[in-house]
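**Q** So the sequence lines, in the order shown, correspond to chains A, B, C and D.
Each residue of the first sequence is one higher than the one before, starting from 13 at the first, in my numbering.
Each residue of the second sequence is one higher than the one before, starting from 486 at the first, in my numbering.
Each residue of the third sequence is one higher than the one before, starting from 697 at the first, in my numbering.
Each residue of the fourth sequence is one higher than the one before, starting from 2 at the first, in my numbering.
Ideal placement from N, C-alpha and C gives every residue a C-beta, glycine not left out.
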Amino acid sequence: MTEGGKKAPVEGVTSTLTQVIAKVLLVPTLMIAVATLFKGYAQTGDGFSAGVIAALAIVLQYLAFGREVVERYLPVQGLGTLSWLGLLLALGVAAVGLFRGDALFTHYPAPGAEVIHIGTVEVITAVLFDVGIFLLVFGYAVGAVRIIAGVIQRQESGEPEEEAVYHDTEERLARREERA
Amino acid sequence: MILLISLTIAIIFGAGAFLILQRNLIRIVIGVILISNAANLYIIAAGLSRGEPPIYPLPEGAQVSDPLVQAMVLTAIVISSSIAAILLALVYRLYVSHDTLDLEEISRAERRAAERLDSGESLDDRESSEGRPEREERP
Amino acid sequence: MLAVVAAPVAALSGSLRPGLAAPVGAGIAGLAAVATLVGWLSGGGAVDVAWAPSLDLRFAIELDGLAALYSLLATGIGFAVLVYSSRYLPLHLEHEREATGTSDPGVRFYFFILLFMGSMVGLAMAQDLILVFVFWDLTAIASYYLIGFDRHKEESRASALMALLVTGITAVLLLIGALVFYAAYGTFSIPELVELTEPGALVTLAGGLIAVAGLAKSAQVPFQFWLPRAMAAPTPVSAYLHSAAMVAAGVLLIGRVYPLLQKSEVLLNALLVIGLLSIAVGGIIALTRNVMKQLLAYSTISQYGYVVFMFGLGGEYGAMAASFYVIAHALSKSALFLTAGAVTEATHETEISRIGGLARRMPLLAAASGAAAAGLAALPLTIGFFKDELLFDAALERGAPFAGLALLAAVLTLAYTWRFWSGVFLGEARGHAERVPWALVAPVAVLGSLVLVGGILVEPFAALARDAGAASFDAPVEVEPAYHLEASPENLLALATYAIGALVILSRPIWIGAARAFARAGELAGPERAYNAALRGLNRFSDFIHTIEVRDLRGRVATILVPSGILVGLGILATPSGDVYRVGEVTGDDVPLVLALAAAAIATVAIIFTKKHVTLVLVLSSAGFATAVAFAFFGAPDVALVAILIETLITLLVLGTLKLIPRKVLESGARIPVRQVWRKGSVAAVAGATAFVVAWGTLSQPSAVEGGAAARLTELAPEAHANDVVTVILADFRALDTIGEVTVVALVLLGVATLLFRGRLP
Amino acid sequence: MTLLSLPIGITWVLGTVLAMLDGRRPLVGWLSVAGLGASFVSVIVLSVTVVQNGPLEMVAGGWPEGVGIQLRADVLGVTFALVSSAVIFFALVYEVMGGVRSRTFPAFVLFVNTGLMGIFLTGDIFNFYVFFEISMVAAYVLTGYRERDYQVRAAFIFAIVNLIGSVIFLVAVGGLYHLTGSLDMQIVAERITQAELAPTVSIAAAILVAFGLKLGLFPFHYWLPAVYVGSHASVVAILSGALANIGGYGLLRFGGDILPEVLALGAPVIIILGTASIIYGALQAVSRRSPAEVMAYSAIGQVGYILIALGIGGPIGFAAAVLYAVVNSLNKLLLFLAIGLRGPLVGVAFAIGAFSVAGVPPAPGFLGKLALFRTGLEMESLANSIALVTLIFLGGALSFLYSFQVYQRVYMKPDQTPPAPPMQTDPFSAGGPNKPSPLAVRGMVVVLAALVVAVGVWPEPLLVLSDGAAAVLAGGAGGAP
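This is how it looks when you write it as structure tokens:
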């Protein structure tokens, strides 16, 4: 998307505009995401929405700056793994109850018991669970975009598509020739 | 209201079905997304007790929306949309190996495969090139 | 006694070393024969343990007279056959190797023939119908592999399949029969059933089903066609199959369930008719055959026809005579088959017309098989004499016409037996003949001498048959075969047999044409032709519907949508729909919701008419947003938020994917002919209508949310330290759903990575 | 409580860990095998407990029933869990022995297992849907495993069709909730009786379609041959041996347990569909040339038997349906694994599978046939009984025919000549299409065949399970106490 081509002047303007907006929006969006995550118990929103919001912030960077720039300046490598770590965290929260002889997914403190507050944030295991989901969704969305960006780059760098597949069918080659 | 909702659901579902019946794979995927939308709308309508959002403090005596269907729909939306993502990946993969997004062409390849089986050949005989290299990791 | 059942297992270990297989197998067979004999003499024994109590299945076996008879045959003749094959098989394999260039160790042979023997013994002893069925099918499996032993020959494979199909499919009738009994009496045990059953339609039905299975296995009309085909097997297999196993299993089954069968007059008469038909068909065709093994095969059909006939005659004599007949026939027939094998080894010929005069070159073989042939033809001083005596006894007991039929049957036997023996051993010498190893002759000699011994010392054999007859008849049997040098009816009939037999043999040129015409008619219109036609027809029909499916059905989603619509429609039609449907009312508050819904519907319909893919995606997302707005008006802000976020994300992903694919490919197949539009449109209409009916029908019902789970969840939310009930449901009450949902999300990422990125996580 | 979570949890956690590792490494492969083995053992322990002490229940989160999601293990559930778990285990061992070719294969297999265990052990209809999606998503990707052209095609067809099925099922779940106000299976079963019949029936029709699609029931079968022929052997074994169980279990659970009245009403339709399936599948299978194709069409037919038994219902009918489903899973596992191999010994395994399909003892198929005939004889009217028994007999005869026609064509050859390559899959080794598969893999399949025979020889545990499962269903609304 960074290549201008014939429409370079127009795209140049738009991309500069997007770049500015993207730069400005990055940090606030991430903050909103974190707020959505921790305030979810009181208000609309939860780990899931928070994850998507945060991811959209990153995606915007991709759209504005292109893959190479983003990956140089932002630590986005390995975010796909992050999603699985998030799932592991959520599973861990789920299993806590089992180790204490309670049912699966028993959250602590128990229903009705006193909850410790740090500021307005309640310290309960359910929040930890939401953090896991946040990580997972964030990792998922960014990961998916990175994959698409990766494939685009593969295509643009002229790497043969066959590399990605096992084999060619005759008819496919014929069709390709026809198009060329 | 019930009738209106039902009609909307029917329209969305019918439109989705129409798209699923198309030949273009992208349209098929969109059709699947649409029928999922219809299902989600149906579920939220299934809890048809509209009222205040179920967030404490609840207004005294007010009708509260059914929170359970909301949770269900949330789950269903997430699942259906992420599955749409995997369908898209499959579509791309089909494009890479068949160089087309036309279902007819793909069915034709399927028919040819069936004929090959009938004539006692292996599916692998013709479609794979000899001595194809193992899929190696790129550095 | 149980050592017998273990035979196949031991054989397997022996067959690991090819050289050892033969002696080990023969040794086991011999031991088993001795064990059975001892077991019988010491009064038998029984094992009865629960097998699968839930289905009332019992592993019930008993060494009664019937079991002893067939076990002795299976193991004893098995022993002879194994000794024979220890020499024959290497020769056979040698020929095959020359023919195909491949070598085959042949251990399969020993494994399956011992499996055959073991299951035959098991079958003989089984007292539980399901157990009978199990062993029954085991014999079918073993015979399948033995008949198809020469795997490279198309003929043997087709024959093996035919034998398996005919006997295997009819075996299911045995199962059904057993279940009919079980449904009525709650037991599979034969002795118990014998006590419980009363004559009536049920016994006729169930017994008839079982009898059909038995008749098919014994190659009786109209199932006879598989047996001659089965001659494609190596000769020892044929010998065994015909005399002591497979075919004998059929009459064994009939003997086993005979106490049940004889409660039905209809069944007995049916047995009579089928027995007679088989005697006639088998006998007449045997007279026309030229290939040795073919002649013997048709003779087997005829001979077991006798046995069935005798069961049909019924009574004390019938039951006992049938058992005795099986012994006599088994000894003779196995000897004759082995003779045929030895002769073929010596001369490399299979047709009677191409050999002759072998008596001088192979005197011992000629004598031994002569004894066997005499036994089959029921000459005096052989055990065969008594079999016919008993036959005549049984027939006479039933009435003079039956005696006449029995006489004709005996004449046929005499004629074709003579044709076989004289054709091979008498006349002028033709062709060359090599020496055959002793192991190919000795078993014939032993069996032949047994035939003679039986002719003099008949009592042991008679005792065995009496015991067996008692088991079949369900009462003690007091029949004593012996020579009576007087003009008793039996003796007169026997003499008549010899006289007419001689006439028939001498008048061969007169009737042979008619007999051939009969055989030819059978080939043209017989059951074998029906079998082949059915097989071909089925395959052709299958190809036909497959073409239809591949051409018209594969890849057609409509094949799901339309039947679904029909199903739902049927459901609606089948149920009363008085005031099920409600229109519901629209109040002023609903207007925003109505507008949002309308927007969603309009945007959705717009998608159909959008051509360009990018526009398509944007219209799609607007439809999604409209739906999200509708969610908000349903009082579901959480849902609305997530819906909007997700919609944004998915729009980006779709656009991204579209970017990966060239525009030309992207548009491929996007336009469809008008005709298809109408067809697809109507299918879509059906789908939409179905959705409408389901939605309207259910939504019209008063919502059961009051008093439902939702209210309690709302009440309990503060307990879980939360204000937003939806969130607490997601994170606590139904956290299992949530974690499942996000697992799907994570899996999708992994899946996309697998498909596009070689499974590396980005 | 832990016992109930283990079958679901073990593979869930392990799958999460393995998703981050390279599944082609043998260590990772064997780790996944160990995990599945542990899961399988936990299912066995759970089954024994359930059979001896009655159902186990647990509400997630420790909330009262009806608030949280209830997990419940009854005999019906554990029976299906047991057989599915076993099928997946063997398929995975098979693939790991032969060499996994994709990074993600073991993880996806573990997640299929997680989803299935969840389905069989949950007592909540929406939770059922969620687990259903977990196993389906994993299966969509697995279907494309090895990524040949025809495998990608298969994956796409499979995904589209099953997504339609999922949506239809989701609608049914929503409808049930609307009518009863609850998602708990027991409560739904109690309350649904008070709802109007018409909407209930339309929901039931939706459920039938959804699970019929999963089973590959005629006329919802069209996706099945392409997928079963195209996909890799171990994947097809999982799809047909484990995943198809969702359909059978779902119909039993939703039909027999939750909507017994509607099931009774719809019995004729179900029996007719089953009949059509048997005839159609068997007729198609007769002339197919490749073993995979024959068995694919056979699968369509075999499903029909389950439907018939379900339609007849009652303790005997339900028991027969469960029994047949289990036996069918084992057959398909064995056959499809054998089809993927070549070389000596493979024929033996295929033969045992074929004998089982044809209902020849001692392979366990005959138990299924026996139970079915017994069910057929249970019909109220004599004419129906005769018609049904004749039909099952004909179906059995055809299965005899197609199993052995193809067996002869492909396997009954002299041992020494290289067998014609079985049609479907690529060889394990890179040594060309006629090279025999590794001995260890072939050995494993033969061992599997022996185990299958063992089930037939000592059927008592299976019978106890199927009878117990039937007792759960025949117990009427709400299932076991």
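Chain C beta carbons: is any one of them nearer than 8 Å to that of R158 of chain A?
**A** Mapped onto the first sequence, residue 158 of chain A falls at position 146. Yes, R158 of chain A counts as interfacial toward chain C.
**Q** Since F60 of chain A meets chain B, which of its residues come closer than 8 Å, beta carbon to beta carbon?
**A** Residue numbering aside, residue 60 of chain A sits at position 48 when the first sequence is read from its first letter. Simply L559 and V563.
**Q** Near T1 of chain D, what residues of its chain come up, given a Cβ to Cβ distance below 6 Å and the 5 sequence neighbours on each side ignored?
**A** There is no way to answer for residue 1 of chain D, as the model of chain D reaches only from 2 to 482.
**Q** Return the Cβ separation of A139 of chain D and F112 of chain D in integer angstroms, given the expectation that the two are a contact with Cβ distance under 8 Å.
**A** Here the question's residue 139 of chain D lines up with position 138 in the fourth sequence. Here the question's residue 112 of chain D lines up with position 111 in the fourth sequence. Sure, about 4 Å apart at Cβ, within 8 Å.
**Q** At which residues does the beta strand (DSSP E) containing V1246 of chain C begin and terminate?
**A** The residue given as residue 1246 of chain C occupies position 550 in the third sequence. It is not in any beta strand (DSSP E) - V1246 of chain C carries neither H nor E in the DSSP assignment.
**Q** Ignoring anything shorter than 4 residues, give me the alpha helix (DSSP H) runs that lie fully in the stretch 74–106 of chain D, in order along the chain.
**A** You should have 76–99.
**Q** What residue does the beta strand (DSSP E) around F1429 of chain C start on, and which one ends it?
**A** Stepping through the third sequence from its first residue, residue 1429 of chain C is reached at position 733. Element bounds for F1429 of chain C: n/a, residue is neither H nor E.
**Q** Leaving aside the five residues before and after G116 of chain D along the sequence, list all residues of the same chain whose C-beta is less than 6 Å from its C-beta, in chain order.
**A** Translated into the one-based positions of the fourth sequence, residue 116 of chain D becomes position 115. Closer than 6 Å at Cβ, skipping near neighbours: F132, I135 and S136.
**Q** Which same chain residues end up closer than 8 Å to F755 of chain C when comparing Cβ atoms and leaving out the 5 residues on each side of it in sequence?
**A** What you label residue 755 of chain C is simply residue 59 of the third sequence in a count that begins at 1. Correct list, in chain order: V743, D744, V745, A746, W747, D824 and L827.
**Q** Taking 8 Å as the CB-CB cut-off, is R512 of chain B touching chain C?
**A** In the second sequence, residue 512 of chain B corresponds to position 27, counting from 1. Interface residue, yes.
**Q** Can you list, in chain order, the residues of its chain with a C-beta nearer than 6 Å to that of G774 of chain C? Leave out the 5 residues immediately preceding and following it.
**A** Translated into the one-based positions of the third sequence, residue 774 of chain C becomes position 78. Here the set comprises A725 and M813.
**Q** Reducing DSSP to helix, strand and coil, say where E590 of chain B ends up.
**A** Taking the second sequence and counting its residues from 1, the one referred to as residue 590 of chain B is at position 105. If DSSP states are grouped into helix, strand and coil, E590 of chain B belongs with the helices.
**Q** So if I threshold CB-CB distances at 9 Å, which residues from the stretch 1401–1428 of chain C count as touching chain B?
**A** Answer set for the stretch 1401–1428 of chain C: V1401, E1402, G1404, A1405, A1406, A1407, L1409, T1410, A1413, P1414, A1418, N1419, D1420, V1421, V1422, T1423, V1424, I1425 and L1426.
**Q** Can you list, in chain order, the residues of its chain whose CB lies under 8 Å from that of W1392 of chain C, leaving out five sequence neighbours each side?
**A** Residue 1392 of chain C sits at position 696 when you count from the first residue of the third sequence. Taken in chain order, the residues that qualify are Y1277.
**Q** Using the Cβ count rule (16 or more neighbours within 10 Å means buried), how would you classify V969 of chain C?
**A** Taking the first residue of the third sequence as 1, we reach residue 969 of chain C at position 273. When all chains shown are included, V969 of chain C counts as exposed.
**Q** Consider the C-beta atom of Y1112 of chain C and the heavy atoms of the ligand NAP; say whether any pair is separated by less than 7 Å.
**A** Looking for the ligand NAP in the displayed structure turns up nothing, as the structure carries no ligands at all.
**Q** So with CB distances below 7 Å, who are the chain C contacts of S288 of chain D?
**A** As a position in the fourth sequence, residue 288 of chain D is number 287, starting the count at 1. Result: N1235, S1238, D1239 and H1242.
**Q** State the DSSP-derived secondary structure class of L260 of chain D, mapped to helix, strand or coil.
**A** If you number the fourth sequence from 1, residue 260 of chain D lands on position 259. In this structure, L260 of chain D counts as coil in the three-state DSSP scheme.
**Q** To the nearest angstrom, report how far apart A176 of chain A and L1452 of chain C are at their CA atoms.
**A** Start at 1 with the first residue of the first sequence, and residue 176 of chain A comes out as number 164. Start at 1 with the first residue of the third sequence, and residue 1452 of chain C comes out as number 756. For A176 of chain A, the predicted model reports a pLDDT of 41, less than 50, meaning its position is unreliable and no value from the coordinates is stated.
**Q** Whole angstroms is fine: what's the gap from T1386 of chain C's alpha carbon to L488 of chain B's?
**A** Numbered from its first residue, the third sequence carries residue 1386 of chain C at position 690. Numbered from its first residue, the second sequence carries residue 488 of chain B at position 3. Going from the Cα of T1386 of chain C to the Cα of L488 of chain B covers about 14 Å.
**Q** Pull out every residue of the stretch 54–66 of chain D whose Cβ sits closer than 9 Å to any Cβ of chain A, in chain order.
**A** Against chain A - using a Cβ distance shorter than 9 Å - the residues of the stretch 54–66 of chain D are M59, V60, A61, G62, G63 and W64.
**Q** So for I211 of chain A, helix, strand or coil by DSSP?
**A** As shown, chain A starts at 13 and ends at 192. That puts residue 211 of chain A outside it, with no answer to give.
**Q** Checking contacts by CB at 8 Å: is L602 of chain B closer than that to chain C?
**A** If you number the second sequence from 1, residue 602 of chain B lands on position 117. It does not: the Cβ of L602 of chain B has no partner Cβ on chain C nearer than 8 Å.
**Q** With a cut-off of 8 Å, does the C-beta of A207 of chain D fall near any C-beta of chain B?
**A** The sequence position of residue 207 of chain D within the fourth sequence is 206, counting from 1. Chain B contact via Cβ: absent.
**Q** Tell me where the beta strand (DSSP E) around L641 of chain C begins and ends.
**A** Given that chain C is displayed from residue 697 to residue 1458, the structure contains no residue 641 of chain C and the question cannot be resolved.
**Q** Below 6 Å CB to CB, which residues in the same chain sit around N509 of chain B once its five sequence neighbours on both sides are set aside?
**A** If you number the second sequence from 1, residue 509 of chain B lands on position 24. The answer, listed in chain order, is L586.
**Q** Run down chain D in chain order and give the residues with a C-beta less than 9 Å from the C-beta of A598 of chain B.
**A** Start at 1 with the first residue of the second sequence, and residue 598 of chain B comes out as number 113. Result: D150, Y151, R154, A227, V230 and G231.
**Q** Are the Cβ atoms of V876 of chain C and L905 of chain C separated by less than 8 Å?
**A** Translated into the one-based positions of the third sequence, residue 876 of chain C becomes position 180. Translated into the one-based positions of the third sequence, residue 905 of chain C becomes position 209. It is a contact, given that the beta carbons lie within the stated cut-off.
**Q** What is the residue span of the beta strand (DSSP E) that M59 of chain D lies within?
**A** Here residue 59 of chain D refers to the residue found at position 58 of the fourth sequence. Segment L57 to V60, the beta strand (DSSP E) holding M59 of chain D.
**Q** Would you mind stating whether Y577 of chain B and T1353 of chain C have Cβ atoms separated by less than 8 Å?
**A** Counting from 1 along the second sequence, the entry for residue 577 of chain B is found at position 92. Counting from 1 along the third sequence, the entry for residue 1353 of chain C is found at position 657. Yes, these two residues count as a Cβ contact at 8 Å.
**Q** What is the DSSP secondary structure of N246 of chain D, reduced to helix, strand or coil?
**A** What you label residue 246 of chain D is simply residue 245 of the fourth sequence in a count that begins at 1. Reduced to three states, the DSSP call for N246 of chain D is helix.
**Q** Cutting at 8 Å between CB atoms, please list the residues of its own chain near E1219 of chain C, excluding the five before and the five after it.
**A** Your numbering for residue 1219 of chain C matches position 523 in the third sequence. Cβ within range, chain order: R1225.
**Q** Taking K333 of chain D as the reference, give the member of D:A293, D:A322, D:A320 and D:G348 with the closest Cα.
**A** Here residue 333 of chain D corresponds to residue number 332 of the fourth sequence, with the count starting at 1. Of the listed residues, the one whose Cα sits closest to K333 of chain D is D:A293.
**Q** Short of 6 Å in beta carbon distance, which residues of its chain neighbour T1434 of chain C, apart from the five on each side in sequence? Order them along the chain.
**A** Residue mapping note: residue 1434 of chain C aligns to position 738 of the third sequence, counting from 1. These residues qualify, in order along the chain: L1426.
**Q** DSSP on M486 of chain B, reduced to helix/strand/coil?
**A** The residue given as residue 486 of chain B occupies position 1 in the second sequence. DSSP places M486 of chain B in coil when its eight states are reduced to three.
**Q** What three-state label does DSSP hand S241 of chain D in the structure shown?
**A** Against the fourth sequence, residue 241 of chain D aligns to sequence position 240. Helix at S241 of chain D.
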